[in-house]
Each structure stands twice: as structure tokens, then as C-alpha cells.
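A short write-up of the structure that comes next.
In my numbering, the protein residues as written are 654 to 857.
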């Protein structure tokens with residue numbers, strides 16, 4: 654785990670290299686947040702992570718500690734796809750229009766069209782609904798290949814900013830953390846840590 658502005662390493666955990674459960678994520682984060690609150694009792698905390706973190710245990714923990722928010726990736730499902738279809742249809746239409754005008758040399762060729770929207774959603778395991786931001790993106794096909802839908806979802810307790818700003822300016826900063834993880838693994842060889850048990854070393 655890294656602090657987003659400075660890149661400082663906040664916490665790490667040695668664990669099996671498999672997807673963590675919601676209870677495991679919440680257990681680790683509860684300890685980390687307790688230490689942070691001891692040092693910075695009035696600082697707003699934003700926890701940002703990929704889809705491995707969008708579980709009810711962790712969202713409940715963040716909601717209960719006060720002066721804290723979360724923004725996590727969210728895996729797609731049939732319900733989310735149905736909610737996204739209207740905006741995806743618009744994105745497909747925009748791409749088709751761009752391609753038609755580009756063929757007539759009225760506009761430059763585009764590689765994709767991206768729209769943003771939002772709705773409230775509650776998975777069956779969630780105790781309450783949360784704001785879900787949708788990236789409705791359609792990628793232009795290459796020669797012989799059709800256009801491809803590329804929708805993405807994030808779930809958040811933040812009520813602002815706008816869907817596009819939240820996705821691109823807030824959530825997508827998560828990618829920098831992946832770079833820091835790579836640096837730690839490369840510099841410290843942390844993915845080769847010797848361990849006697851028959852499980853692979855991992856990180857969270």
C-alpha cells in the first residue's frame with residue numbers, strides 16, 4: 654500500500670499469492686487505518702484499489718471509521734451490463750458517426766469513443782447501495798475486426814466529482830501504485846522471498 658502523493662510505502666503484507674477474501678482485506682486495513690488515525694486523526698483518507706477490494710467487509714469498514722472514502726474497481730455482471738446498455742448504445746452510435754464522417758474526410762479517424770455515466774447499485778452481498786461510475790467505451794475495429802465494447806465500472810462512496818472526472822482523475826491514479834509495486838518487486842526481489850511452506854510469496 655502506498656500514499657498517493659509522495660509514493661511512500663505505507664504497509665505491506667506477506668501472504669499467499671492468491672486473491673484475498675473480503676475478511677482478509679478488512680482485517681489488514683483495520684490495522685493500517687488504526688495506526689494512521691493515531692497519527693493523523695483529522696485527515697481525510699481515500700482508499701483506492703482494484704476489483705479485489707470491492708467487497709462488503711472493506712466498504713463497511715471505510716464507511717464506519719469516519720472522514721474516509723473508497724473508490725474500487727468493480728467486476729462486471731449481467732445486472733451491471735443491463736444498466737450500462739443505454740450508454741453503451743450511445744457510445745456505439747457516436748463511434749459509427751465518427752467513422753462515417755472520417756470516411757468522408759469530414760473528421761479525423763478516432764480509435765475509440767468514451768462516455769461516462771453513473772447509477773446506484775447494490776450487489777446481493779452489500780448491505781446498501783453505492784454509487785457506481787461507468788466508463789462506456791467502444792474501441793474501433795481494425796481491418797476485418799469489428800468494434801469492441803470496453804465498459805468498466807468503479808464503486809465509490811464519493812458523491813463528487815462528475816463521473817468522467819472521478820474515473821479519469823481519481824480512480825486512474827491507481828495505475829501509479831502498480832508502478833511502485835513493480836519497483837519494490839524489482840529492487841527488493843520481494844516476489845522471490847524464501848518461505849518454507851508450499852505456497853508462493855505474494856503481496857497485497
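Yeah, the Cβ is synthetic: ideal placement off N, Cα and C, and Gly gets one too. From a predicted model like this one, the values you see are computed outputs, not experimental measurements.
1. Closest to residue 781 by CA distance: which of 680, 669, 655 and 716 is it?
2. Measuring only the C-alpha atoms, how far is residue 728 from residue 705?
3. Considering only their Cβ atoms, is the gap separating residue 744 from residue 710 smaller than 8 Å?
4. Below 8 Å, how does it come out for the segment 808-827 and the segment 746-762: are there three or more Cβ pairs, yes or no?
5. Run the CB neighbour count on residue 688, radius 10 Å, all protein chains shown included, and call it buried at 16 or more, exposed below.
6. In this structure, what does DSSP give as the bridge partners for residue 858?
7. Between which two residues does the beta strand (DSSP E) carrying residue 789 extend?
8. If you reduce the DSSP assignment to three classes, tell me which class residue 662 lands in.
9. Could you check what DSSP says for residue 853 in three-state terms: helix, strand or coil?
10. Cβ atoms of residue 786 and residue 769: under 8 Å apart, would you say?
11. Starting from residue 770 and walking both ways along the alpha helix (DSSP H), at which residues does that stretch end?
12. Measure the alpha-carbon distance for residue 854 versus residue 699 and round it to whole angstroms.
13. Please classify residue 668: does DSSP put it in a helix, a strand, or coil?
14. I need the straight-line Cα distance from residue 805 to residue 655, nearest angstrom please.
15. Using beta-carbon positions only, say whether residue 657 and residue 822 come within less than 8 Å of one another.
16. Would you check if the distance between the CB atom of residue 748 and the CB atom of residue 818 is smaller than 8 Å?
17. Report the rounded CA-to-CA distance for residue 707 versus residue 724, giving the unit in angstroms.
18. Cβ of residue 752 within 8 Å of Cβ of residue 793?
19. Report, in whole angstroms, the separation of the C-beta atoms of residue 720 and residue 692, which I expect to be a contact under 8 Å.
On the basis of the coordinates in this document:
1. Ranking the options by Cα distance to residue 781, first place goes to 716.
2. CA-to-CA, the gap between residue 728 and residue 705 works out to about 9 Å.
3. Not closer than 8 Å, so no.
4. No, because fewer than three Cβ pairs between the segment 808-827 and the segment 746-762 fall closer than 8 Å, the two stretches do not touch.
5. Result: exposed.
6. As shown, the chain starts at 654 and ends at 857. That puts residue 858 outside it, with no answer to give.
7. DSSP places residue 789 inside the beta strand (DSSP E), whose first and last residues are 783-792.
8. Secondary structure at residue 662: strand, using DSSP grouped into helix, strand and coil.
9. Unreliable positioning characterises residue 853 in this predicted model, as indicated by a pLDDT of 46, which lies under 50. The coordinate reading is nonetheless provided below. When DSSP states are grouped into helix, strand and coil, residue 853 belongs to the coil group.
10. Taking a C-beta distance under 8 Å as the contact criterion, residue 769 and residue 786 qualify as a contact pair.
11. It is not in any alpha helix (DSSP H) - residue 770 instead sits in the beta strand (DSSP E) that spans 765-774.
12. Reliability fails at residue 854, whose pLDDT of 43 lies under 50, so the model's placement of it is uncertain and no value is given.
13. Residue state, collapsed to three classes: strand.
14. Spanning the two alpha carbons is a distance of roughly 24 Å.
15. For residue 657 and residue 822, no; Cβs fall outside 8 Å.
16. It is not a contact, given that the beta carbons lie outside the stated cut-off.
17. Going by the C-alpha atoms only, they are around 8 Å apart.
18. Cβ atoms of residue 752 and residue 793: closer than 8 Å.
19. Going by Cβ atoms, the distance from residue 720 to residue 692 rounds to 14 Å, so no, they are not a contact pair.
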